[in-house]
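Numbering (my numbering), first residue to last: 500 to 1061.
Glycine included, every Cβ here is placed at the ideal spot set by N, Cα and C.
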């Protein structure tokens, strides 16, 4: 495209989980023109399509923005690495492909806080419209939507042993984490179809409609205004894109608040110090950063034959890739973890913990130390399939995610250069109650791992956990191993009119200006109990109806049928 000005009815900034879905749904109105603008590339990469190809995407500067936090005092002053997707599909090109929504009470809390139309019954029709479940056909699921879901593929010996161990420890086996119950253990559903990762771009933009223009490698500088009305965007490339109707920011929990602040929308005192002209003083922009803090316990094992770590060797990685390329089968056709456990200390309808079991030991935090030296075969294999600075090893990794953290962080501009990453401070474990719940969670999971079905495959805890028995020792191990659960949200949150930190109204409109909305994880009023991808896509489905002024889908609540 030339640098001359272009006009569209809607300009969608960011083609991630929300942006891809929103752009596609807006284009269902053939009378409008839509442009979706992505700072990353087209994402036409076999390792994006292959579910097990995360090792090539994660940490790859061509596909991963590679954000880092400020040093975290409660985590031994470690910086935490935040992988974020840098291509069409956004972070859905690199997520774990787990399809788990929040629990109904998460969304009912949104509604009860004054956000009419955002309760569970209001959102369920949009979850269903988005979903194309291959293994479910009930009132909780959709079967004809573009986002295909199926049972997680790599459900092997260790996964089954973990489920049996959890049952032996008193946990309930569940068949569906998006149905009537949430607390329990079982095989997860996955956003994969016939061996292909279902990123939002693959699901929604595989066949772009004629009234959609997709622009990649266009890094936005700021939103343009005439008075208080958003009229378009300016890119660092020099392109100016005008929006006759609206600009919608879909850049995620980090990108959206950064763009808002660069455009003069945010805390006036902070923006003034950087010399950014104030468009509207909104102190909530960049505030309320919530993330699922993740505590990782690692167990060693002599059973290399059962571990997914064996595919890090180049020869085995090549075999895995060949099976996938020539038939869409084998371990490459699924994510490297398939099993989930939700644990509730009090109300089974609102579990505090989500636990993932991975049948290998890995170091995901790319900010931790130097890259481990490896043999040629393992070094080349690591670049293809298994992420992290350390070699993958046989064993089991238990990742305990705190679902509704009380520790809330913030994001601030580092400079007025859009290419400079913002300062990200999640303030993990700044609230002592979070630490107390994680200590309890560690003890719950140790009970599970002590049960014979899984204990027979492992030979003890590793690293910081090896000698951590007392509460003080467990705390030290938590501080040494905790990192992001990859679910940052709420940095430009929706809220009612009487909430001073609310950035958006119930229609996702930015307060104080016209023709500007936000639709992504930044807009979520609070953190939810589960992975974010399904919820963000459902929000985009609902936003399309709002923007096009279509009647909302009729509320549905299967709980009332029980």
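Return helix, strand or coil for residue 909, following the three-state DSSP convention. Residue state, collapsed to three classes: strand.
Is the beta carbon of residue 713 sitting closer than 7 Å to the one on residue 1016? no
Which residue from 837, 788 and 631 puts its Cα closest to that of residue 756? Just measuring C-alpha positions, the residue of 837, 788 and 631 sitting nearest residue 756 is 788.
Leaving out five residues on either side along the sequence, give the residues of the same chain with a beta carbon under 7 Å from the beta carbon of residue 596. 550, 689, 690, 691, 696 and 834
Reducing DSSP to helix, strand and coil, say where residue 876 ends up. Low per-residue confidence applies at residue 876: pLDDT is 40, beneath 50, and the placement is therefore not dependable enough to give any value.
Alpha carbon to alpha carbon, how far is residue 959 from residue 911? Give it in angstroms, no decimals. 42 Å
Between the segment 894-908 and the segment 847-858, can you find at least three pairs of beta-carbon atoms closer than 8 Å? Short answer: they touch.
Let me confirm a value: residue 851 is counted as buried when at least 16 other C-beta atoms fall within 10 Å, else exposed. Which label applies? Buried is the call here.
According to DSSP, is residue 444 helix, strand or coil? The shown model of the chain, from 500 to 1061, leaves out residue 444, and the question about it has no answer.
Report yes if the CB atom of residue 986 is closer than 7 Å to the CB atom of residue 928, and no otherwise. no
Determine the DSSP secondary structure at residue 881, reduced to helix, strand or coil. Its pLDDT being 49, under 50, residue 881 is placed unreliably by the model, and the measurement read from it follows with that caveat. Helix, per DSSP.
What number of angstroms, rounded off, separates the C-alpha of residue 672 from the C-alpha of residue 666? 7 Å
Our contact map puts residue 899 next to residue 854 with C-beta atoms below 8 Å; I'd like the distance itself, whole angstroms only. 5 Å
Candidates 971, 824 and 1035: which alpha carbon is nearest residue 544's? 824
Is it buried or exposed, residue 561, if we count other Cβ atoms within 10 angstroms and call 16 or more buried? By the 10 Å Cβ count, residue 561 comes out exposed.
Just reading off the beta strand (DSSP E) that residue 724 is part of, what are its end residues? 719-725
Within the same chain, show all residues whose beta-carbon is closer than 6 Å to that of residue 951, passing over the 5 residues directly before and after it, in chain order. Within the same chain, residue 951 has no close Cβ partners at all.
Determine the direct distance from the alpha carbon of residue 1058 to that of residue 752, and round the result to whole angstroms. Inter-residue distance for residue 752 and residue 1058 is about 31 Å (C-alpha atoms, whole angstroms).
Spell out the partners DSSP gives residue 534 in its beta bridges. 510 and 712
Closest by C-alpha distance to residue 460, when choosing among 1024, 516, 526 and 1042: Because the chain in this structure spans residues 500 to 1061, residue 460 falls outside the shown range and cannot be described.
Assign residue 634 to one of two classes, buried (16 or more other C-beta atoms within 10 Å of its C-beta) or exposed (fewer than that). exposed
Cα separation between residue 941 and residue 567? Straight-line Cα distance between these residues: approximately 26 Å.
For residue 906 and residue 795, what's the separation of their Cα atoms in angstroms? 18 Å
My output table needs one value for residue 975: the three-state DSSP class, helix, strand or coil. It is helical.
Using the C-alpha atoms, what's the distance from residue 589 back to residue 516? The C-alpha of residue 589 is placed about 6 Å away from the C-alpha of residue 516.
Hey, quick one: how far does the alpha helix (DSSP H) through residue 938 stretch, first residue to last? 931-948
Is the distance from the Cβ of residue 628 to the Cβ of residue 932 below 7 Å? no
Here's a check: name, in chain order, each residue in its chain whose Cβ is nearer than 6 Å to the Cβ of residue 656, leaving out the five neighbours to either side. 805
8 Å CB neighbourhood of residue 641 in its chain, flanking five on each side removed: Leaving aside the five residues that flank residue 641 on each side, the residues in its chain whose CB is nearer than 8 Å to its CB run, in chain order, 626, 627, 628, 629, 630, 631 and 632.
From the DSSP secondary-structure annotation, give me the bridge partner or partners of residue 900. 793 and 853
Could you tell me if residue 1005 is buried or exposed, where buried requires 16 or more neighbouring beta carbons within 10 angstroms of its beta carbon? buried
Are the CB atoms of residue 838 and residue 658 within a distance shorter than 7 Å? A contact, by the Cβ cut-off of 7 Å.
Residues near residue 700 by beta carbon distance below 7 Å, same chain, minus five either side: 514, 519, 542, 587 and 588
Where residue 664 and residue 915 are concerned, what is the direct C-alpha to C-alpha distance, given to the nearest angstrom? 52 Å
What are the start and end residues of the alpha helix (DSSP H) that includes residue 1034? It spans 1032-1046 - the alpha helix (DSSP H) in which residue 1034 sits, taken as one unbroken run.
Check the DSSP bridge columns for residue 924 and list the partner residues they point to. Residue 924 is bridged to 909.
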